[in-house]
Structure formats: structure tokens, C-alpha cells
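Notes follow once the structure below has been shown.
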Amino acid sequence: MENRFVDTSDTLYGDESTSPIYGYQDQVITTLEEAIQGIRHEILRIDDYVRQAKKKYKRPCLLTEDEFATIYLYTMTSSGFSSRLNGRLRAMEKEPLKPWFPYLKFFITALNKLPSFKGIVWRGVSKKEDYNLGNIACQTRWDITSTTKDLKVSELFFGEAGILYVIKAVNGKDISKYSANPDEKEVVLMPGTRILLETEPFVINNESFIYSFEECTSIPQGKHVMLSYENNDKAVVLQIYQYLHNRSIPVWFDENISNNNIYDSLAIGVENAAFVVCFLSPEYESSARSQIELQYAQKRHKKIIPCLTKTEETWRSIRWLSPILEGVKQEDFRHFSPSDDIDSEMDYLLWTLQKMVYVPEENSERLNIRFELIKYEYLCNSKIERFMNPAVTFPIDQSYINLAIVETKETREKEEKLKGTQNIGTIIDTYEDIYGSKTPIKVKDIFEKCKDQNKRILVFGRAGIGKSTFCRYAAYQWATGAIWSEYELVVLVPLRSLTGPKYNANKEYNLVDILINQYFFDRSLSVEEKNTLENKIHTGRILWLLDGYDEIVQETSSHLQNLLEQLLKTPHHIVTSRPYMNTLSYFVHMEITGFTEENINNYIELFFSQLGNASHQGDSLLNFLRSKPRICGIAHIPINLEIICSTWSNIDWTQTKTVTITVLYDRLTEWICRRYLEKQKKMSPIKTTRMDKTDVYDKCRKELAFLEKLAFLGMENNVILLGPQLLKEAQKESGCKLKDCPDLFNVGLLKSYDSISAGIGTRIEADKHYYFVHLSFQEHFAARYLANALSSTTSDQAMEFIREHKYNQRYQLLFTFLSGLLNEDQETKCNRAFWEAVLNAPLDIIGARHVALVIQCLDETALPQTFIESQQLIEKITLWLECALSSESNHLCKLFQQTLRTCNAICNEPRVQHTIVHLLNNQLFTNRNMVLSFISNIPLTNPIKPLLLALREALSRDDDSVRRWACDALVGMGEKAATKEVINGLAEALRSGDDSLRRKACDALVGMGEKGGTKEVINGLVEALASDDDAVRKRACAALGRMGEKGSAKEVIDGLVEAFTSDNDS
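full-length UniProt numbering applies: residue 1 is where the sequence shown begins, and numbers increase by one.
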């Protein structure tokens, strides 16, 4: 009779490095019948036994029929199956075991599905002389160790002589329900189990002994000991690492500690740790990184071994460490340095590790753990790097995310109503309802506009406005629990990453694959986990943040189009895009509106405070921006403001008459080149300061040529991630090769994609994928390439490119940069050639894109007197403007408005403003509100007197809606609109009985500051402080706050006290 509960051989033990079953896990599970093909010659009638086992299978059952039969077959005493299998395992010979691997894969897979049993189990050994247990500390058993929970069962097999094992099991598998002999109460210890001898044997008689063991699965295969430390202890930790490594203890530690790879520390270091050894010191306790590591380890129920290092005898943890260390013995390494012999302490640490028991996670937890790791990644990536100096960061929760509702389904319904009515009163009211000031909305509230169960939102934003920052901010806020708790997971997908090396063009992918590729560090999911994840994706528990639709929409590869289609069909997602590349139809549109004046002030203060010279540099820059409305307009885009701040100390902006985005990026390129020469080329700062821009560009000529060609190739091929082939082509055509210029990729404008992609990477620079630090820099350098090409032998190809792609919205910013570059270099011949290509055939049939292209490219020239053609183009623009505002097409008006929103030079051109005045004064033009709305949405920072008089006349109208629109039009003009006539009109508006009008009048006065503080205005604001409308009182307070000493009179202060008292009472 087969006896599974007694050992009869003395070759039971090995160590982990001699595993006889290594490789079994690679077997492909098919059916049990196929799994036994290779062992039929070893077990007679095995097919009969399999059929018999399967007949015993009953539903419901935790296991499949094959898995159940696998365990049942092992316990059939008449088959001799277990003795034959364990005989092979105990022989420790791999080749004879290989035919058993398919069965073992089935068997161990089945056992892994069962819950772990923790408790006392029993097992017998038939002859004491077979074992020399005195030398056994902790050994690994490679057989399938059958034990029983019932001592009486063990005694039946034990007999009168031998050894009885008492084992404290931790990860045993109770197979009673699946056994051919359920009364045996069998618990299996799986192959690879380690057992530790606890005490000296208890002698029953000269023939019988009892040995006490505990399961010691301290560091199973695939796990390691993690060393968590701070840099001040690195030398000691390196010595400990080497000691443990030399004794075949798998160890993991992050040799180059940085906050950038904290996710690896969690996903690989902590997650795969059997135990975590932490090295305690005041520096460790004050480290945010160490806090995240150890708190995550505690949350994951990892056993922690604390070691004291170079600390004062009296130091005690008093902050976040205290609850983690409570009741845990601390190893003492305080009195040793790396030069000391600390073998005794390390021996003790090794003994401690060997004694500890590893408790594995339940399989059901694994998916939740992966979700938790994604959440931790968002929390770890809580810093925003400066584009120009990644070493400097600021907290992501200090980002200024300004969202506004642009369009919803209701908006379009109202537009239809507008088209279908003839009543002028209804037209005016409806127009105001639709096209009033954009409604600000908080990030946490954006789903409130979604009326059905599916939450899908399109978020627009211009280049550099902060779309990616918005996505990172939203993911971080969700991870902290501040927003969107209804979602089990938020998945941020930079869409350009779908074009990277993780996605093979010859393979089809699904949403689960995206999640695995983007975030799962080990990329191995069971079928069950994949099915669960698939269900979560399609049942609405996951929100996708899809960043950068405009960056991949023109990709033509089928696998990418398929991926994008799947993502856009998910029931819950937010997609970001530049406006001009949108081809999507969504019920809810929102827009990132850039920095407010307050955001600009705060950003500048934070920026210069990090440099240590906040008061002087920050104040001088703010004063400069206030004196230069055009530059201040550019500064509302976050990336532009960073460029201005970064270069403020190095460039005398006060000598720059006109600042366009081209000038801005050119100044930044110069600054980056100077930094490159100093840091990479080791040129002295004294020498670089003596060089003008031409000298700097000449020194970096080859590097710039490479970047320009690379950027153009990327644009030409519609790719953001620039792979090895494009790098090679750019090096060849630019004549600048990496072998001759080792710092070619380190100028300061390229980032390596591979360095931030877990599981993907190469040390060979030329084999990596790169991308420009921001897409706008790629567009700028592609424009530089074209500008140079127009004056070279390749001018014909450059002209052909312009003609072919001038209406492709993907290249809109590129051509804007090109216009600015050609104008700045005053290359008359090239400039004229460019405009000929723009203005001549082929032409846009509808005309809208042609108008947008001309306006944006012309505005980038800043309308210099030397550019004669600009005067003719301005005449064309005024005709287009009159046509747009005189038509009944709201779409055409909005399109024109959107184009002019960033065009400071054209909007402040007198002839353009005279056209607007003509339209306002035209008595036949009934929809005056449309013109006033148009004015409020374009940058009129230098209004002409006739325009201000026309607005003053609108303020005197009997129609309150016209007066409200007039106030809106004045808001953006600020102090420039503070004429006596306009201020009187606003004072009259303050006395209106219409609270909405009074609020808007206050808004206009806020921008005028002290200039608006006449006696009549002050009196009107004081009266507004007594309003029953909270919004009127708050805006009146804001206006008074901008009026300096004029707003500090006694009656004003009394009014403020009254207003605050009223607020408190309510």
C-alpha cells in the first residue's frame, strides 16, 4: 500500500540553486490527458485512473475538472502515482523528471488556487539513521510533502520506530476536499518548501523521536531581500549587499537613489520582496522617498527588519517610522564603518533572514495590488519638472489648471434655436446665453455636464497650455482620493507612447495590452486576471486619460488606428487635443484657458524663489510684463512663461522691441546652446558671455543642423517618438554623427523615451527612441530646417513641401514659426518666396483654413514697415472680418474669433479696429451683441479712441444685455480702456438694478486699477457692497482692492465691514 505520509529515502533535501523542476512553469497547459502522455510507461493503467478521477468531479468547485482530477490522481493509493512521482523528485535528476513537467504544471497550478493552510501538521520518517538532522538549519524539500492535520493518521503510518515531524505550516495546501481519501485530512507542502529545525529532538524511546520544524519559506524563487536606505548609509549597505550576495541570498537595492525611479523601487523592489531591510537614521526618517517605500511595504504586509546605522545613541524615531517599528527588534550597526569587520553583525542578519517566514499574497489580491501600484506611481510622480532645467521641480498640486466649459449638447441645441427664430429679442437673449464669457469649472466637477451614464469629454488646449500637466494633475488628485472616487482605476495614456517600441506594428493589441504595457512592471497576467481586467474595463470602473490626440491622429498604421478606436470607445474617458487637429464629435467640450494674471504672478514668485532671488528678479519681470502687453499676452501660456523666466537673467528683454513666440523660442535656443557649451563642451562662462548669438550658433552649428533635420523628419513622417532609423538618417544628412559628437543627444532638447519605460531599454544611445521636450520645440526646429532650406540648394523641395502641406493643420505652428524666422532674419527673397507659396495655388476651396493660415503667419511678423506686403494683407483681413461679423453664420464668426485670439499684432492694428468700430456703429447691423462678444474674446490691449467711444456709447444703451457685453469687451483692455468717458459709463452701470450688469462692471474696473478710481466709481462700488447678491459684493471688493489708496477711505472701509458682516450672517 502506498504511503505518502512517511519518508523512506535520505535524498530529500537540496538547495534552491539545484531545483530539479526548474522550467516546469514554461509548460503550456492543455488537458490532463495530454499532460500524462510522457509518463504512461511509468504508471500502468494511468488512463483508467484519470477517467476514474474525473468521474468524482462535482460542481460547484474552485478547480476545473482537469485540476481536480490532477490532485485526486495523486492521492489514489492503488495507483502508486505519488510514490513514483516523489521518487523522481527525490532523485534530484532533471532529465528523468522532464516528462512529468506538464503534470506538475497542472498540479501546482491547482494547488496555487487553494487557500493557504496555517497550522500544525504531522509527518513520519521510517528510520532515524537515514537522517543526520543535527546539521540541518533550513533546507529545501523538492518532493511533494504530504502531511496530515490528524496525528492519529500519522501514527498509523509511523509505526513503533522512527521519527515524527511536527511542522508549523504556513503555506500548506489542504487537499482533503479533492482527495481520494478525504479522511486522511491531507495537507501538501509544495516543492521548494523550506523547513527550519526549531528545537532539539524529543526522545520517546531509543527507537522513536519527535522533531519540531517550522516552514521557512523565507526567500522563495523570484523573491528577494530589499535594502531600503538613504545615501548617507550607502557604503555600509553596499558591504551588506555584497555579503548577502556572496551567500546566495537574492538581494535588491537601488544603487542610484533618485525620486525619478521611486516607482521601480515599489513595483520591483517592494513588490517582489520577501523581506525589507531598512537602515534607520534621521536622514531616513526625513526622506519622503523612504517614507513612501516603507509605508508601502507595510501596506503590502512585508516583514520589515530595521537596522540602526550612524545615529546618536539617544535618537529615536518620533514621526511616521514609530508605528511601523513598534514592537519590532532593531539590528544594531551603529558602531561600524565600511572599513570595519562587521561579519558578526552580518552573520546575525543572515540568521535572522533565514529564520523569517515568507507569507505569499493570495492570488485574488494581485490585480488590486497592480492597481495600487499605479496609484502609487501617480503619487510618486508628484513633481513637475521644468522644461529647461529638469533638475528643478515644483509640486504638481501647485499647478494652475484653469478649465472652462466651451460647448455641450445643450449649446448646440440653443444654436439651432438661434437659427430658427426671427424675433430680435429672442436672438439677443439666446446669443448671450450661448456665447457669454466661458464658464470656469473645477477639475473635480467636469463630469457634471455629462448627462448619461457614459462620461466622455474632449479637452482642448493650445500648444504649451498645459494639457499634459492637466492629465498628470487629474491622475495625482485621483490617487490622493481628492476626486473621482467612483473609479477603481484611472489610466493615464500619453497617446504618443502607442507609437513606441512597446507596440509592434505587426501585432494586434487590446485595452488590456495597453494597461500591461504602460503600467504592469512584470507584464504577466493569468487568464483569470485578464478576464477580470477586461470586465472592469467594459463595466465602467476605469477612467482613461488620453493625452495628445493631435499627436497621433494622422498616424496611418493599422495597429495604431485599431488601438485608438478601442480607446475612444471606452465608456469613460477624457481626451486632450490641440483645437486644430480635432476630428472628434463629443457632447461636452472643455478648454484649458492658460494662466490668469494671478497665476502669472504666483508662478513668477515661485520660479525665482527656487533660484534664491525672488524679490528682485521676480518684481523686475512683473513690471516688464505689465509694460509690454503683447509679451504679457504670450505669458498666459505656461510653457512661454517658463521660457521667459528661464532666460530673464541672461537676456536683456527690455531691448527687444517686439516679442513673438518665434523670438521667444529663438532666445531660448540661444540660451540652451550657451548652457550646452559650458556644461558639455566645458567652455568657461566668461568666454560664452563674450560671444554674441551668431558666435554661439556657429559653435553649435552641427548639433543644431542635426536637431533641425531630426525635427523635420519627425514632422514629415508624422511621428513624435523618433526611433533609431530617423536618428541615423538625421545624422547622415546633417553631417553630425554621434561617434564624432558624443554629446549630440544631450544638447538639452531631447529626452530618451527608453529611460522612462519600464522593461524597455538599451544602453546604446543610438538605439534608443527620443522625443523633443515639448512638441512645440520639434515644430520650431523643423521650421528652422525649412528656413535654411529655402536659402540653399534644396529650396525647390522646401517650396513644394510648403505648397503641399500649408493647409494641413498638423503643420499650423510650424508655418507660424517659419514666418517669424524668415521675418527676423530679414531674408527678403526667402520671405517673399514663402508668402508666394502661401497666397498662390493650390488654395483652400472653402477659404477658412486659408484665412487662418494668413492671419497667424502675418501676425508672427509683428507687421514691420519693411514688409510691404503686410499692408495689402491687412486690407484683406479687414474684408474677411467684416464678412464674418456681418454674416448670419455663428460658426464663421467663432472660427474667426478663435484664429485672432492669439494674434496681438493684427488685433491692435488700427485698420482692424476701425473695421470693428464701423460694425458697431452700423445701425443696420442688429446683432450688436455678437460684435461685442467678438471684442471680448480677442486681445485688444491697445484700443484706439474711436473704439472706446463706441463702447462708451454701448454702455449708454437702454438694453442691459448690450451694456453687459460692452463691460465684457472692456475687461481685457485693462488700464488702456480707462478713459473719462468709459469710466463714467461704468459708474452708471454700477447704479443699475441689474445685478448681472453690476458684476460685469466691477470686472471691467478690476482691470483698470487705480485709474478707474473716480469718486463716482468709488461711491458706486460702496453701494454695491450692500447688495443682496454675493457675487456683486465679492467683485466690488476685488475692484476696490485694485484702487490703492483711493479704496481705503473711511466710507469704503465701513462698506467692507458691512459686506463681511453680511457674509458671516448668511
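Positions of the beta carbon are idealized from the N, C-alpha and C atoms, including for glycine.
Collapsing the DSSP output to three states places tyrosine 211 in a strand. Closest option to proline 306, judged by alpha-carbon separation, among Asp254, Asp66 and Asp332: Asp332.
The continuous alpha helix (DSSP H) containing glutamate 729 extends over residues 724-734. The criterion of a C-beta distance shorter than 9 Å is not satisfied by serine 212 and valine 187. Of the candidates Leu533, Val493 and Gln610, the residue whose Cα lies closest to the Cα of glutamate 551 is Val493. Here histidine 636 has Gly594 and Phe595 as same chain residues with Cβ atoms under 6 Å from its own Cβ, once five neighbours each way along the sequence are excluded.
For leucine 986 and glutamate 953, the gap between their C-alpha atoms comes out near 11 Å. When the alpha-carbon of isoleucine 604 is set against those of Ile643, Pro579, Arg675 and Tyr103, the nearest one is in Ile643. Listed in chain order, the non-local C-beta contacts of leucine 280 below 6 Å within the same chain comprise Pro306 and Leu308, local neighbours out to five positions each way being set aside. Between leucine 990 and leucine 1021 a beta carbon distance of about 7 Å is seen, short of the 8 Å cut, so the two are scored as contacting. The straight-line gap separating the alpha-carbon atoms of serine 870 and phenylalanine 608 is approximately 39 Å.
Membership of tyrosine 400 in any alpha helix (DSSP H) is not indicated, and neither H nor E is assigned to it by DSSP.
Non-local C-beta neighbours of histidine 850 in its own chain, meaning closer than 8 Å and more than five positions away in sequence, comprise Tyr807, Leu843 and Asp844, ordered along the chain.
In the DSSP secondary-structure assignment, isoleucine 324 is not bridged to any residue. By the C-beta criterion, the stretch 730-744 is judged not to be in contact with the stretch 506-514, since fewer than 3 inter-stretch pairs fall below 8 Å. In this structure, methionine 76 places its C-beta atom within 9 Å of the C-beta atom of alanine 53. Your pair glutamate 271 and leucine 373 checks out as a contact, with CB atoms roughly 7 Å apart and the cut at 8 Å.
The DSSP-derived three-state label of cysteine 700 is coil.
If you draw a straight line from the Cα of arginine 386 to the Cα of tyrosine 771, it comes to about 16 Å. For aspartate 959, there is no enclosing beta strand (DSSP E), since its DSSP letter is neither H nor E. Ranked by Cα distance from leucine 546, the options Asn908, Ser468, Pro864 and Asn746 are led by Ser468.
CA-to-CA, the gap between valine 719 and leucine 900 works out to about 29 Å. Under DSSP, lysine 299 takes part in no beta bridge, so it has no partner. Tryptophan 142 sits in coil when the DSSP states are folded into three classes, being neither helix nor strand.
Under the DSSP assignment, methionine 799 falls in the alpha helix (DSSP H) whose first and last residues are 795-805. Approximately 6 Å separates the beta-carbon atoms of cysteine 903 and isoleucine 855; this is inside 8 Å, confirming the contact. Here methionine 226 carries a strand assignment [DSSP, helix/strand/coil]. One alpha carbon belongs to alanine 837, the other to cysteine 857, and they sit about 12 Å apart. Inside the stretch 975-1031, DSSP marks whole alpha helix (DSSP H) runs of 4 or more residues at positions 980-990, 995-1008 and 1015-1024, from first to last along the chain. The DSSP-derived three-state label of tryptophan 544 is strand.
Residue environment for phenylalanine 202: exposed (fewer than 16 other C-beta atoms within 10 angstroms of its C-beta). For histidine 572, the uninterrupted beta strand (DSSP E) run begins and ends at 572-577, by DSSP. DSSP, reduced to helix, strand and coil, places tyrosine 770 within a strand of the structure shown.
In the structure shown, histidine 589 adopts extended strand secondary structure according to DSSP, grouped into three states.
Here the stretch 286-297 does not lie against the stretch 239-248, with fewer than 3 beta-carbon pairs under 8 Å apart.
In the displayed model, isoleucine 36 falls within coil according to three-state DSSP, outside both helix and strand.
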